[in-house]
Each structure stands twice: as C-alpha cells, then as structure tokens.
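Asks: Those protein sequences? They're chains A and B, same order as listed. Just so you know, we're using the numbering used here here: the first sequence kicks off at 774 and counts up by one. Just so you know, we're using the numbering used here here: the second sequence kicks off at 1054 and counts up by one. Got a structure for you, questions after.
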Amino acid sequence: KAGVTQTPRYLIKTRGQQVTLSCSPISGHRSVSWYQQTPGQGLQFLFEYFSETQRNKGNFPGRFSGRQFSNSRSEMNVSTLELGDSALYLCASSEGLAGTDTQYFGPGTRLTVL
Amino acid sequence: GEDVEQSLFLSVREGDSSVINCTYTDSSSTYLYWYKQEPGAGLQLLTYIFSNMDMKQDQRLTVLLNKKDKHLSLRIADTQTGDSAIYFCAEIDSARQLTFGSGTQLTVLP
C-alpha cells in the first residue's frame, strides 16, 4: 500500500495570508490527524477527522481549521498567518477504530511565514 | 494533564547498544509508541507495545515497559550510523490523541 502523502512539501507565505495543506491517507484508513511540530513546542495535536467529521480537537486558535472528504483525504487551513505558524505540519492516518489505532505519518509540509 | 519526558541527547559508538528512556504520566494509555525522525522527514513508526506487556522484541529493537514506574525504554542493538536520528516516544489517550515526548537526538559515532 502507498503511504501517507502530503502536498505541498514546502510553502512560503507572508503574514496575513492563508494557506491550505492537503493529506491523502493510506488506502482504507478513515481517520486523519494533524500535528504541528516546532522547535520550541515540539509535536502538538491539532485535530482529528473521521468519516468527514471532526472527532477531536487540540488547543489551537480558530484560525486553524480542517475538513475531510468522502474519500478520506483531508485538508488543513490556516487563516491570517502569523510568524509563529512557521512549522512542520504532519498528518497521520489510521483505521480510526478502537484498539491500537496506530498512526502512520506522512513526510510533512514545511510552512515558512515571512 | 498528560506529559511525556525524554532525555534530549544520547551519543554511542557504532556497534554498541543504545538505550533511550522515556517516562509518561497517563496510566490509562493502552499503547505506547516509538517513532524515528530523520532530518527533513516525517515520523517513521518503529514499534509499539501494549500496556499489559513487559517487553517486545523486533529484530534489533527491544522495548521494555515498567508500568508501575511509568517508564518505557527502547534498546537498539548493534547501533549503526544510519540509526542517527531523533527518537520520540508517545502515548495515546482515549481520544486517540498522541502525546509526544520532546525527542532524543541519537548520535552514532564511528
């Protein structure tokens, strides 16, 4: 099976702009989770989508939003970008069921906000 | 809240064993994970252990879990230069949210 794919791999934006990141999960996986990785805060959970519904949400402002499509692909949107949003954004896919529900990560999207 | 702690750095000689330690706080975690991150890359799942297990071995990797002390360790036998990376331990809560440690930078010296 193909792994988790994320596009684009790199993005440069300026403050105040908005950005959309995309994630395609492993075939058959119905859950997609998003994480932000920064040198200062480490890896932090943003939100999880399962069957087109946001199931869990981390402690991030409303500028961060997402959605999931019927084919389980997910997008994450950040509006009114701030310098502090510069980070590696990782998505992870899993079956979304109880039990191990092991999450497999994509290569990430490196966002730089100038 | 949940907190996962790891030492930041570890250096070993090629061919030696590496032991990376981790402590966690959420006693309800059902699974604990080890991920590896190489420069510029995402997280690669190395292994995981169910909370009712004490040990799991997978080729060069051995995971030990002391549930009483909430202590997890990852042993890499015969460490190679290709093992140089950042290693994250993580616990999963009932909401399927992973909480990661800060990561341990493993440097393998020739």
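Glycine included, every Cβ here is placed at the ideal spot set by N, Cα and C. For clarity, every value in this text was computed on a predicted model and none was experimentally measured.
Could you confirm whether any beta carbon from chain B is found closer than 8 Å to the beta carbon of G839 (chain A)?
Replies: no
Asks: Since V792 (chain A) and L887 (chain A) are thought to touch, with beta carbons under 8 Å apart, how far apart are those beta carbons, to the nearest angstrom?
Replies: With a Cβ gap of about 12 Å, V792 (chain A) and L887 (chain A) do not count as contacting.
Asks: Relative to the C-alpha of S859 (chain A), which residue among A:T787, A:Q817, A:L884 is closest?
Replies: A:L884
Asks: Hey, would you say S1071 (chain B) sits closer than 8 Å to L1162 (chain B), going by beta carbons?
Replies: no
Asks: Looking at the C-beta of Q1187 (chain B), does it have a partner C-beta in chain A at a distance below 8 Å?
Replies: Outside the modelled stretch of chain B, which goes from 1054 to 1163, sits residue 1187 (chain B), for which no answer is possible.
Asks: Would you report the Cα separation of K1120 (chain B) and M849 (chain A), rounded to the nearest angstrom?
Replies: 36 Å
Asks: Look at L870 (chain A) and Q810 (chain A) and say whether their C-beta atoms are less than 8 Å apart.
Replies: no
Asks: Count the C-beta pairs between the stretch 1074-1085 of chain B and the stretch 1097-1110 of chain B that are closer than 8 Å, then say yes if the count reaches three, no if not.
Replies: The stretch 1074-1085 of chain B, when compared against the stretch 1097-1110 of chain B, does touch it at the 8 Å Cβ threshold.
Asks: Please classify A1138 (chain B): is it buried, with 16 or more other beta-carbons within 10 angstroms of its beta-carbon, or exposed?
Replies: buried
Asks: Which of the three DSSP states is assigned to D874 (chain A) in this structure?
Replies: coil
Asks: Can you name the residues of chain B whose CB is closer than 9 Å to the CB of G815 (chain A)?
Replies: F1141, F1153, G1154, S1155, G1156
Asks: I'd like to know if the stretch 1144-1154 of chain B and the stretch 1106-1119 of chain B are in contact, where contact means that at least 3 CB-CB pairs between them fall below 8 Å.
Replies: With the cut-off at 8 Å, the stretch 1144-1154 of chain B and the stretch 1106-1119 of chain B do not touch.
Asks: Roughly how many whole angstroms lie between the Cα atoms of P812 (chain A) and L861 (chain A)?
Replies: 10 Å
Asks: Looking at L819 (chain A) and F837 (chain A), is the spacing between their C-beta atoms short of 8 Å?
Replies: yes
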